[in-house]
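A.B. asks: Let me begin by handing over the structure; questions about it come next.
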Amino acid sequence: MKSPPTGRLDGGTLSQFLAHCRTREVSAKTMIIKVNDLPDRLFYLLEGSVEVIIEDERGRDMVLAYLNSGHFFGEMGFFNEQQSSRSAWVRARTDCVIGELGYSRFKALAHSNPDLVVEIATQMAIRLQRTDAKLGDLAFLDVTGRVAHVLLRLCEEPDAEVVDEGRRVRVTRPQLARLTGCSREMVCRVLKNLQSDGLICDQKGGIVVRNKSYATDPA
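Residue numbers (our numbering): 428 to 646.
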């Protein structure tokens, strides 16, 4: 799920980039990017978490990735000038602070700060690798395997909380359905089986993935 920032940018380069950005706060559940929007600007996540969403052939939402503080997004149109519109939604999972900068201004800035382009390209490569793995899960894993993979990856997210029995992940049944490409009913059946096997348990605010589950991490 998570594609961590690589930390290649020094503080001066990042500060210079942010000095050119318009910074704004967005509330949880706000749609920051919509499909068919004009791709004309780059975003940087200063605080919070967002989700990248596409629509499958049946019109169902599928979450491709969660992005957290330190990630760039909205960069595809900068590298692909043939892209005339956005191809995915980006929605705030939590309250966020984001910086945004138009492509033309970013292009001028990147000439004197090539590390910016290297960092963005590196993050893109990591995300593509994660997306390939997710597509492999959809093609080769059954529903139980998909749900197990997603839960284990959610344990790596910054908002996963360490508790006595394992890690508590803040995710709902509908969110799991979108993350796995399954129906909510199928997800509920799998969670019930995983709970019967003692691998997870429900707790207020989320699902606890018990410590022994890590021994069977299929990733």
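Glycine residues also receive a C-beta, built at the ideal position from the N, C-alpha and C atoms.
#1: Quick check: what's the CA-CA separation for residue 578 versus residue 591?
#2: With burial defined as no fewer than 16 other Cβ atoms inside 10 Å of the residue's Cβ, what is the status of residue 466: buried or exposed?
#3: Using only CA atoms, which one of 449, 584, 602, 619 lies nearest to residue 533?
#4: Can you list, in chain order, the residues of its chain with a C-beta nearer than 6 angstroms to that of residue 594? Leave out the 5 residues immediately preceding and following it.
#5: Measure how close the beta-carbons of residue 513 and residue 456 come, nearest whole angstrom, since I'm counting them as under 8 angstroms.
#6: So what does DSSP say about residue 455, is it helix, strand or coil?
#7: Considering residue 495, what are the terminal residues of the beta strand (DSSP E) in which it resides?
#8: Nearest-angstrom Cα distance between residue 536 and residue 528?
#9: In terms of alpha-carbon separation, which member of 550, 571, 510 lies closest to residue 497?
#10: Are the stretch 437-446 and the stretch 548-563 touching, with three or more C-beta to C-beta distances below 8 angstroms?
#11: Let's see if you can read the secondary structure: which residues bound the alpha helix (DSSP H) around residue 612?
#12: To the nearest angstrom, report how far apart residue 610 and residue 625 are at their CA atoms.
#13: From the DSSP secondary-structure annotation, give me the bridge partner or partners of residue 472.
#14: Along the beta strand (DSSP E) that carries residue 518, what are the first and last residues, could you check?
#15: I need the straight-line Cα distance from residue 525 to residue 502, nearest angstrom please.
#16: Around the C-beta of residue 563, are 16 or more other C-beta atoms found within 10 angstroms, so that it is buried, or is it exposed?
#17: Indicate the three-state DSSP secondary structure (helix, strand or coil) for residue 484 in the structure shown.
#18: Is it buried or exposed for residue 612, if we count other Cβ within 10 angstroms and need 16 for buried?
#19: Measure how close the beta-carbons of residue 479 and residue 491 come, nearest whole angstrom, since I'm counting them as under 8 angstroms.
#20: Buried or exposed for residue 428, please, with buried defined as at least 16 other CB atoms from any protein chain shown within 10 angstroms of its CB.
#21: Taking residue 589 as the reference, which of 522, 620, 632, 605 has the closest Cα?
#22: Quick check on this structure: which residue in 475, 585, 530 has the alpha carbon closest to the alpha carbon of residue 507?
C.D. replies: With the given structure in hand:
#1: Here residue 578 refers to the residue found at position 151 when the sequence shown is read from its first residue. Here residue 591 refers to the residue found at position 164 when the sequence shown is read from its first residue. Residue 578 and residue 591: Cα-Cα distance of roughly 17 angstroms.
#2: Here residue 466 is taken as the residue at index 39 of the sequence shown, counted from 1. Buried, since its Cβ has 16 or more Cβ neighbours within 10 Å.
#3: Translated into positions along the sequence shown, residue 533 becomes position 106. Measuring from the Cα of residue 533, the nearest candidate turns out to be 449.
#4: If you number the sequence shown from 1, residue 594 lands on position 167. Answer for residue 594: 582, 587, 636, listed in chain order.
#5: By 1-based counting over the sequence shown, the position of residue 513 is 86. By 1-based counting over the sequence shown, the position of residue 456 is 29. Not really, about 18 angstroms apart at Cβ, beyond 8 angstroms.
#6: As a working mapping, residue 455 is identified with position 28 in the sequence shown. Three-state DSSP puts residue 455 in coil, outside helix and strand.
#7: Mapped onto the sequence shown, residue 495 falls at position 68. Residue 495 -> beta strand (DSSP E) spans 488-495.
#8: The count along the sequence shown starts at 1 and reaches residue 536 at position 109. The count along the sequence shown starts at 1 and reaches residue 528 at position 101. Distance between the alpha carbons of residue 536 and residue 528 is about 10 angstroms.
#9: The residue given as residue 497 occupies position 70 in the sequence shown. Closest option to residue 497, Cα to Cα, is 550.
#10: no
#11: Within the sequence shown, residue 612 is the residue found at index 185, counting from 1. It spans 611-623 - the alpha helix (DSSP H) in which residue 612 sits, taken as one unbroken run.
#12: Position 183 of the sequence shown, counted from the start, is the residue given in the question as residue 610. Position 198 of the sequence shown, counted from the start, is the residue given in the question as residue 625. Roughly 23 angstroms between the two C-alpha positions.
#13: Translated into positions along the sequence shown, residue 472 becomes position 45. Note: residue 472 sits in a beta bridge opposite 525.
#14: As a working note, residue 518 is residue 91 in the sequence shown. That run of the beta strand (DSSP E) goes 516-519.
#15: Taking the first residue of the sequence shown as 1, we reach residue 525 at position 98. Taking the first residue of the sequence shown as 1, we reach residue 502 at position 75. Rounded to whole angstroms, residue 525 to residue 502 spans 14 angstroms at the Cα level.
#16: For the purposes of this step, residue 563 is taken as the residue at position 136 of the sequence shown. Exposed, by the Cβ-count rule.
#17: Taking the first residue of the sequence shown as 1, we reach residue 484 at position 57. Of the three classes helix, strand and coil, the one that applies to residue 484 here is coil, per DSSP.
#18: The sequence position of residue 612 within the sequence shown is 185, counting from 1. Its Cβ having fewer than 16 others within 10 Å, residue 612 is exposed.
#19: For the purposes of this step, residue 479 is identified with residue 52 of the sequence shown, where counting begins at 1. For the purposes of this step, residue 491 is identified with residue 64 of the sequence shown, where counting begins at 1. The pair is a contact, with the Cβ atoms about 5 angstroms apart (cut-off 8 angstroms).
#20: Translated into the one-based positions of the sequence shown, residue 428 becomes position 1. Because residue 428 carries a pLDDT of 47, less than 50, the predicted location of this residue cannot be relied on, and the following value inherits that uncertainty. So residue 428 ends up on the buried side.
#21: Here the question's residue 589 lines up with position 162 in the sequence shown. Considering only alpha carbons, the answer is 632.
#22: For the purposes of this step, residue 507 is identified with residue 80 of the sequence shown, where counting begins at 1. With distances taken between Cα atoms, residue 507 lies closest to 530.
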